[in-house]
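Chains as they are written, first to last, in full-length UniProt numbering: chain A, 1 to 396; chain B, 1 to 396. One structure is given here, and the rest of the page talks about it.
Protein chains: 2
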Amino acid sequence: MEEFKRLTPYREALGMMLEDIKEIPDAEEVPLDEALGRVVAEDVASPIDSPPFDRAAVDGYAVRAEDTFQAREYSPVELRVIDEVPAGGESKARVEPGTAVKLLTGVKIPEGANAVLMQEMAEREGDIIKVLRPVAPGQNVAMKGEDVRKGQVVLKKGQILRPQDLAILKSLGFKSVKVRRKPRVGIIVTGSELIEDFNEEALNRGKILESNSIMLRGLVKQYFGEPVFYGVIPDEEKLIGEAIRRAREENDLVLVTGGSAFGDMDFAHRFVKLLFHGTTIKPGRPIGYGERVFVMSGYPAAVFAQFHLYVKHALAKLVGARNYEVRVRARLTERTPSQLGRVEFVKVWYEDGKAQPVKKRGSGIISSLVESNGYILIPEDSEGYLGGEEVEVVLY
Amino acid sequence: MEEFKRLTPYREALGMMLEDIKEIPDAEEVPLDEALGRVVAEDVASPIDSPPFDRAAVDGYAVRAEDTFQAREYSPVELRVIDEVPAGGESKARVEPGTAVKLLTGVKIPEGANAVLMQEMAEREGDIIKVLRPVAPGQNVAMKGEDVRKGQVVLKKGQILRPQDLAILKSLGFKSVKVRRKPRVGIIVTGSELIEDFNEEALNRGKILESNSIMLRGLVKQYFGEPVFYGVIPDEEKLIGEAIRRAREENDLVLVTGGSAFGDMDFAHRFVKLLFHGTTIKPGRPIGYGERVFVMSGYPAAVFAQFHLYVKHALAKLVGARNYEVRVRARLTERTPSQLGRVEFVKVWYEDGKAQPVKKRGSGIISSLVESNGYILIPEDSEGYLGGEEVEVVLY
């Protein structure tokens, strides 16, 4: 019986894989409307100051602050209103001592003025306002460039675009953004025991409903990729070899499930020159990687762990994504033992600052994935954590 | 000048709004392939036991555990192999004392056997195996129903479907799942000062590039909805009234930006019977809600806060979503003052267990939204938090 000669330590294998995978060079310009969730391909600098000039931050009166310094509710200062500007309008008037210009939020501060008096702080009578309180220079003024300065980098390469990121681009005049092309990820599921459709008789004969393909397609979409499914391939060396060859040609990355162990029927690793095969993770130990192909387990819970421990990082590298993981601190609710020499992928339910391990182990157990919302990793040199210890949870 | 007579406390206003909004009754059956991110409309119970029978959890030999109790490496027990079953196959043989059946992972345990001996623990010679170690009853057997029992609820109503949730459905024989219809959300942006396309001359005259629509469309998509944009409407009472009337007819919820204050040009609130108008949040104070319409601010940073404090929860109520927020505990890195009587929406950068307030305030500041990844709320009765205090961050 062939067995793993040596398990490559998790971090070492991860490093080898990430060294091998190169960021996709192609970028594409997509309209802002279609850019949500995409990854910025190069730093974006602002072409303008925002605001482009000093403007009113409230509805009110543009004034010379000095004119208001003596204003009190019981002894107001009087100013003469020499112009009125609607939103999006502009005043050509110059605010001389003793005068004011009425304006709405967003309007350019007229020459001579250096502050805006809120509407509620003035009593209007004809073209005269009584100023009830002093304003300081710059008060209620949005200064030129105070949000973004011309030339300032507003989005860094690798940023995953959120609604507010699209808003800042729009507010600076962009209609599109350069993002990394989505990596195409071929998915091959192998196993003669697998069926795609419910069939009670077949299940009773020992067939198994295949669920890795839909899980991997979803995970690939979540992490920037475009999944391409090559179907369920029976355990026949020739068919698996052909599928892998084709998928490698057509994709940036290939995931093969059910082909990674050293059982009599596990062929996938024979078609790829693997950089490593067998690492110290648990579950998911038999994972292999080489030539842009991951050979993965057949069990969904092992595949899920392998995805998060390796494939996710490969996808992030392909697109150059930053901050693609949500990592939080938590107190472990109970003692969680771990096998020495293994990096244990422990599924947890994170809530309210606490991480509750989801006990069902066994890599055949899909329900543990459903009942959890994150994982912790227990390193090779640890026999586990005590209840109450602080751990880092990666949320999913 | 009309002003807010009374600011409704944040929680009170939120409660009134959530009381008014009813969960959408319609559900739709969608193929699993299209269900990622959708919200489960009713509890899903398993139609089968999974596994459907006791099956091998490893490749090896089905045996009677009793037969192996005496096995030691230096004095192996011999068993006769009476059948060999491939993956997805089935054995009709009965395992009598002194016999074994070779099988692959997933295969049904044949009658008479109660454990599986791992392949590596046996030495094969012809049809005889030498058992090198004892196995316990049940060892290496995935028991019938150990993942999911027939009738067990595997996904609760309100679950937001993740890749692993689709996998469990697939593994239990489902091809589709009943999800809540996506709420249609009409978006109306008002303001004569707004332009949609970059135009330097117009910007220099005081026009402003509109960015609320793309931000709200993205946020609505993130929170289960289908946005419908009604364009930028100038500050004309009749046009705004018509747009609101039409959007209310065609959508489950309507968001109007730039129409919520009491400035001379803010009309939106005149067309809707508001349950509240003006609440204690900061920024975003002038928000109003009534008759499935939110009247919101014009400033993007205020709109963003209003979305997270109110609209997000309305959308979750419409679809009945659970666990739609990621809330984490963090240490505040520095003193963060807050106005008494206001619920302050403080944007933070969360990382490594720490929350760093993003200092730029001012509701005109979009860059603060880009530089943050979450928020904390400082309640009405607090003057702020000290550096080092533990706070709850809601991530976005």
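Every residue gets a Cβ at the ideal spot worked out from N, C-alpha and C, and that includes glycine.
For residue i, does the three-state DSSP call read helix, strand or coil?
i, result
"residue 83 of chain B", "strand"
"residue 163 of chain B", "helix"
"residue 350 of chain B", "strand"
"residue 105 of chain A", "coil"
"residue 133 of chain A", "coil"
"residue 168 of chain B", "helix"
"residue 30 of chain A", "strand"
"residue 100 of chain A", "strand"
"residue 385 of chain A", "strand"
"residue 342 of chain B", "coil"
"residue 306 of chain A", "helix"
"residue 271 of chain B", "helix"
"residue 300 of chain A", "helix"
"residue 48 of chain B", "coil"
"residue 89 of chain B", "coil"
"residue 329 of chain B", "strand"
"residue 376 of chain A", "strand"
Run down chain B in chain order and give the residues with a C-beta less than 9 Å from the C-beta of residue i.
i, result
"residue 286 of chain A", "The premise fails here: residue 286 of chain A is roughly 12 Å from chain B at the closest Cβ pair, so nothing lies under 9 Å."
"residue 193 of chain A", "86, 87, 88, 89, 104, 105, 106, 107"
Going along chain B, which residues have a C-beta under 8 Å from residue i?
i, result
"residue 33 of chain A", "214, 217"
"residue 334 of chain A", "Under the 8 Å cutoff, chain B gives no residues; its nearest Cβ is about 19 Å from residue 334 of chain A."
"residue 365 of chain A", "146, 147"
"residue 270 of chain A", "Residues of chain B passing the Cβ test: none, with the nearest at roughly 17 Å."
"residue 342 of chain A", "Simply none; closest approach about 17 Å."
"residue 209 of chain A", "170, 171, 172, 173"
Who are residue i's beta bridge partners in DSSP?
i, result
"residue 116 of chain A", "A/62"
"residue 277 of chain A", "A/288"
"residue 227 of chain A", "A/185"
"residue 210 of chain B", "Partner(s): none; residue 210 of chain B has no beta bridge."
"residue 405 of chain A", "Only positions 1 to 396 of chain A appear in this structure, which leaves residue 405 of chain A out of reach."
"residue 322 of chain A", "In DSSP, residue 322 of chain A forms no bridge with anything."
"residue 356 of chain B", "B/349"
"residue 8 of chain A", "A/279"
"residue 400 of chain A", "Residue 400 of chain A is absent from the structure shown; chain A starts at 1 and stops at 396."
"residue 125 of chain A", "A/128"
"residue 95 of chain A", "DSSP output for residue 95 of chain A lists no bridge partner at all."
Do residue j and residue i have their beta-carbon atoms positioned less than 8 Å apart in this structure?
i, j, result
"residue 298 of chain A", "residue 257 of chain A", "yes"
"residue 21 of chain B", "residue 216 of chain B", "no"
"residue 102 of chain B", "residue 61 of chain B", "yes"
"residue 221 of chain A", "residue 36 of chain B", "yes"
"residue 107 of chain A", "residue 85 of chain A", "yes"
"residue 50 of chain B", "residue 147 of chain B", "yes"
"residue 290 of chain B", "residue 272 of chain B", "yes"
"residue 186 of chain A", "residue 247 of chain A", "yes"
"residue 327 of chain A", "residue 391 of chain A", "no"
"residue 13 of chain B", "residue 276 of chain B", "yes"
"residue 142 of chain B", "residue 188 of chain B", "no"
"residue 170 of chain B", "residue 32 of chain B", "yes"
"residue 372 of chain A", "residue 358 of chain A", "yes"
"residue 184 of chain B", "residue 39 of chain B", "no"
"residue 347 of chain B", "residue 367 of chain B", "no"
"residue 90 of chain B", "residue 206 of chain A", "yes"
Could you work out which residues of chain A lie near residue i, taking near to mean beta carbons separated by less than 9 Å?
i, result
"residue 395 of chain B", "326, 328, 395"
What do you reckon, is the C-beta of residue i under 7 Å from a heavy atom of the ligand GDP?
i, result
"residue 176 of chain A", "Inclusion of the ligand GDP in the displayed structure is not the case, the ligand content being empty and no account of it being possible."
So with CB distances below 7 Å, who are the chain B contacts of residue i?
i, result
"residue 98 of chain A", "Here the premise fails: no neighbours, minimum Cβ distance about 23 Å."
"residue 297 of chain A", "Near residue 297 of chain A there are no residues of chain B at all, since even the closest Cβ is about 10 Å away, more than 7 Å."
List, in chain order, every chain A residue whose beta-carbon is nearer than 8 Å to that of residue i.
i, result
"residue 154 of chain B", "367, 370"
"residue 90 of chain B", "205, 206"
"residue 353 of chain B", "328, 329"
"residue 316 of chain B", "Per Cβ cutoff of 8 Å: no residues; residue 316 of chain B is ~16 Å from chain A at best."
Check the Cβ of residue i against every Cβ in chain A and list those closer than 7 Å, keeping chain order.
i, result
"residue 128 of chain B", "Under the 7 Å cutoff, chain A gives no residues; its nearest Cβ is about 16 Å from residue 128 of chain B."
"residue 302 of chain B", "Within 7 Å Cβ-Cβ: nothing; residue 302 of chain B doesn't reach chain A, min ~11 Å."
Give me the chain D residues within the contact set of residue i, using Cβ-Cβ distance strictly less than 7 Å, ordered along the chain.
i, result
"residue 165 of chain B", "In the displayed structure, chain D is absent; the protein chains listed are A and B."
Between the region 228-242 of chain A and the region 106-115 of chain B, do at least 3 Cβ pairs fall closer than 8 Å? no
Across the region 369-377 of chain B and the region 330-350 of chain B, are there enough close Cβ pairs to call them in contact, namely three or more that are closer than 8 Å? yes
contact_flag[the region 135-149 of chain B, the region 39-57 of chain B] where n(CB pairs < 8 Å) is 3 or more: yes
Say whether the region 153-169 of chain B touches the region 313-327 of chain B, bearing in mind that this needs 3 or more beta-carbon pairs closer than 8 Å, one atom from each stretch. yes
Cβ contact check for the region 300-309 of chain A and the region 280-288 of chain A: 3 or more pairs under 8 Å: yes
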